[in-house]
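Asks:
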Amino acid sequence: MRPILLQGHTRSLTQIKYNREGDLLFTVSKDKVCNAWYSHNGERLGTYNGHVGSVWTVDVNSASTLLVTGSADNTCKLWEVQTGKCLKTWEFKTAVKRVAFSEDDSMVLCVTEERMGFAGTITVLPVNPDVNAEQSSKPVMELVNQKGQSKAVVADWSYLDKYIISGHEDGSLCQWDWKNNKKLNTVKAHDGLISDLQMSPDRSYCITSSKDKVAKIFDIETLEEKKCFVTDTPLNSATLTPKFQEFVIVGGGQEAMDVTTTSARAGKFESRFYHKILEEEVGRVRGHFGPINTLAVHPDGKSYSSGGEDGYIRVHHFDPEYFTFKMEI
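Taking UniProt numbering, the leading residue of the sequence shown gets 1, the next gets one more, and so forth.
1) Does DSSP put residue 332 in a helix, a strand or coil?
2) Answer yes or no: do P291 and F269 have a C-beta to C-beta separation smaller than 7 Å?
3) Take D212 and list the residues in its own chain whose beta-carbon comes closer than 6 Å to its own, dropping the five residues that flank it on each side.
4) Give me the Cα-Cα distance between S210 and N19, rounded to the nearest whole angstrom.
5) Whose CA, out of T89, G117, F323 and L24, lies closest to the CA of A63?
6) Which residues in the same chain as P3 place their Cβ atom closer than 7 Å to its Cβ, once the five residues preceding and following it in sequence are excluded?
7) With DSSP as the reference, label L193 as helix, strand or coil.
8) Can you tell me where the beta strand (DSSP E) with M107 in it begins and where it stops?
9) So, for F161: in the same chain, excluding its five sequence neighbours on each side, which residues have a beta-carbon less than 7 Å away from its beta-carbon?
10) Apart from the five residues just before and just after L295, which ones in its own chain have a Cβ nearer than 6 Å to its Cβ?
11) What does R203 pair with, by DSSP beta-bridge criteria?
12) Between P320, K32 and E221, which has its C-alpha nearest V96's C-alpha?
13) Please report the distance separating the alpha-carbon of L173 from that of S150.
14) On the DSSP letters alone, give me the boundaries of the beta strand (DSSP E) that D177 sits inside.
15) Could you pull the start and end residues of the beta strand (DSSP E) that M141 belongs to?
16) Once the 5 residues before and after V140 are set aside, which same chain residues still bring their CB inside 8 Å of it?
17) Work out the CA separation of L278 and Q227 for me, nearest whole Å.
18) On a Cα-Cα basis, can you pick out the residue from T83, L184 and R272 that is closest to L66?
19) Tell me whether R115 is buried or exposed, calling it buried when 16 or more other Cβ atoms sit within 10 Å of its Cβ.
20) Counting only runs that start and end within the stretch 219–301, where is the alpha helix (DSSP H) found for 4 or more residues in a row?
21) So, at 6 Å on beta carbons, what are the nonlocal neighbours of V230 in its own chain, with the 5 sequence-adjacent residues on each side left out?
22) Spatial neighbours of A72 within its chain, please: CB distance less than 7 Å, with the 5 preceding and 5 following residues excluded, ordered by chain position.
23) What's the gap between the Cα of D59 and the Cα of K326?
24) Can you list, in chain order, the stretches of the beta strand (DSSP E) that have 3 or more residues and sit fully within the stretch 45–96?
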């Protein structure tokens with residue numbers, strides 16, 4: 001399995017995202033640029049320039065017409081995918097750490113940082129799917145973090161946009177009835193910060209990764225823990241393979257600031273594959289020479305990509321053996 005190395009960023013990757021068909025890959029990093037690539041051969045299509053701080057997060061709508069990015073410059077920007085034109089800039093009091101389109105593409109949620117006396121929020125913004133239309137500045141609603149409670153770090157929409165599921169700094173996972181601004185359920189999912197939260201293809205369950213070296217699968221309706229994948233390194237990202245194999249891919253490694261003191265192997269910078277049902281590790285993919293910050297699987301399940309602290313995106317197209325692999329029990 002030879003990876004395609006994409007070098008379009010000068011600083012570490014923060015998030016990568018496939019569009020619904022999987023033909024495009026969007027990547028953002030701390031160098032204030034968002035890139036678009038062809039996922040099958042790694043050809044760069046273009047860049048989205050306009051942010052003046054690290055870009056933390058990216059998402060694309062299901063029609064691949066609109067792109068949204070969140071940045072440390074306290075803004076969330078809406079772009080036209082085809083032209084790279086910035087259609088709207090929403091301003092916040094603090095950095096935007098996570099954005100996500102709703103399932104019907106009519107809204108975007110933005111998770112903002114808790115800093116400088118400003119409370120962290122999960123803000124829902126309306127989006128008009130027409131690229132020529134005027135976009136509204138008024139939020140649909142805002143979930144404000146109450147004093148003394150842990151801030152949200154990641155969030156996503158459940159199936160049919162029924163709930164918003166948020167992961168927090170203290171390791172808790174919350175389920176929100178966002179239409180009525182009510183918290184329905186909270187579970188203590190992890191012992192450390194929840195570093196990533198990704199939904200299953202049908203959005204009925206999600207996978208979380210954490211600095212406590214564990215990835216877990218939760219049911220969306222009940223927040224009941226279904227599966228637990230234990231590793232020996234802090235995790236920055238976890239994702240699910242949609243077809244062919246029932247696998248979970250997790251990635252992370254030693255903290256970026258400690259990396260200079262270890263070799264790549266000792267730093268544990270591999271992508272690890274776990275069997276989703278049996279919770280056992282089935283393989284590893286090496287390559288990055290820094291922690292893996294973000295992982296994404298192609299919607300057709302035939303390839304996956306990883307973005308690292310080293311500034312590279314590695315696109316892996318699975319070998320034929322991958323599709324016929326069966327785990328011995």
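Glycine included, C-beta positions come from ideal geometry on N, C-alpha and C. Note that this is a predicted model, so its numbers are computed, not measured.
Replies: So, from the data block:
1) Absent from the model: residue 332. The displayed extent of the chain is 1 to 329, so no value can be given.
2) As a working note, residue 291 is residue 291 in the sequence shown. As a working note, residue 269 is residue 269 in the sequence shown. Contact flag set, yes.
3) For the purposes of this step, residue 212 is taken as the residue at position 212 of the sequence shown. Answer for D212: H190, D191 and G192, listed in chain order.
4) The residue given as residue 210 occupies position 210 in the sequence shown. The residue given as residue 19 occupies position 19 in the sequence shown. Distance between the alpha carbons of S210 and N19: 25 Å.
5) Numbered from its first residue, the sequence shown carries residue 63 at position 63. Between A63 and the set T89, G117, F323 and L24, the nearest pair of CA atoms involves L24.
6) On the sequence shown, position 3 is the one that residue 3 refers to. Hits under 7 Å: G287, R314, V315 and H316.
7) Stepping through the sequence shown from its first residue, residue 193 is reached at position 193. Here L193 sits in coil by DSSP.
8) Residue mapping note: residue 107 aligns to position 107 of the sequence shown, counting from 1. Here the beta strand (DSSP E) through M107 covers M107 to T112.
9) For the purposes of this step, residue 161 is identified with residue 161 of the sequence shown, where counting begins at 1. Note on identity: in this sequence residue 161 is Asp, with Phe being the wrong assignment. The beta carbon of D161 lies closer than 7 Å to those of S102, E103 and D104 in the same chain, with the five residues before and after it left out.
10) The residue given as residue 295 occupies position 295 in the sequence shown. The residues are S237, T239, I249, G251 and S306.
11) Your numbering for residue 203 matches position 203 in the sequence shown. R203 is not bridged to any residue.
12) Here residue 96 refers to the residue found at position 96 when the sequence shown is read from its first residue. For V96, the nearest C-alpha among the options comes from K32.
13) In the sequence shown, residue 173 corresponds to position 173, counting from 1. In the sequence shown, residue 150 corresponds to position 150, counting from 1. Taking C-alpha positions only, L173 is separated from S150 by approximately 11 Å.
14) Numbered from its first residue, the sequence shown carries residue 177 at position 177. Run containing D177: S172 to D177, per the beta strand (DSSP E) assignment.
15) For the purposes of this step, residue 141 is taken as the residue at position 141 of the sequence shown. M141 to V144 is the extent of the beta strand (DSSP E) around M141.
16) One-based indexing of the sequence shown puts residue 140 at position 140. Leaving aside the five residues that flank V140 on each side, the residues in its chain whose CB is nearer than 8 Å to its CB run, in chain order, M107, V124, L125 and P126.
17) Locating residue 227 in the sequence shown gives position 227, counting from the first residue. Locating residue 278 in the sequence shown gives position 278, counting from the first residue. Position check: residue 227 holds Lys in this sequence, whereas Gln was assumed. Roughly 9 Å between the two C-alpha positions.
18) Reading the sequence shown from its first residue, position 66 is the one you call residue 66. Of T83, L184 and R272, the residue nearest in Cα terms is T83.
19) Reading the sequence shown from its first residue, position 115 is the one you call residue 115. Looking at its Cβ environment, which holds fewer than 16 other Cβ atoms inside 10 Å, R115 is exposed.
20) none
21) Start at 1 with the first residue of the sequence shown, and residue 230 comes out as number 230. Excluding sequence neighbours, V230 sits near V214.
22) The residue labelled residue 72 in the question sits at position 72 within the sequence shown. Here the set comprises G53, S54, W56 and A95.
23) Residue numbering aside, residue 59 sits at position 59 when the sequence shown is read from its first letter. Residue numbering aside, residue 326 sits at position 326 when the sequence shown is read from its first letter. Straight-line Cα distance between these residues: approximately 33 Å.
24) 55–60, 66–71, 75–80 and 86–91
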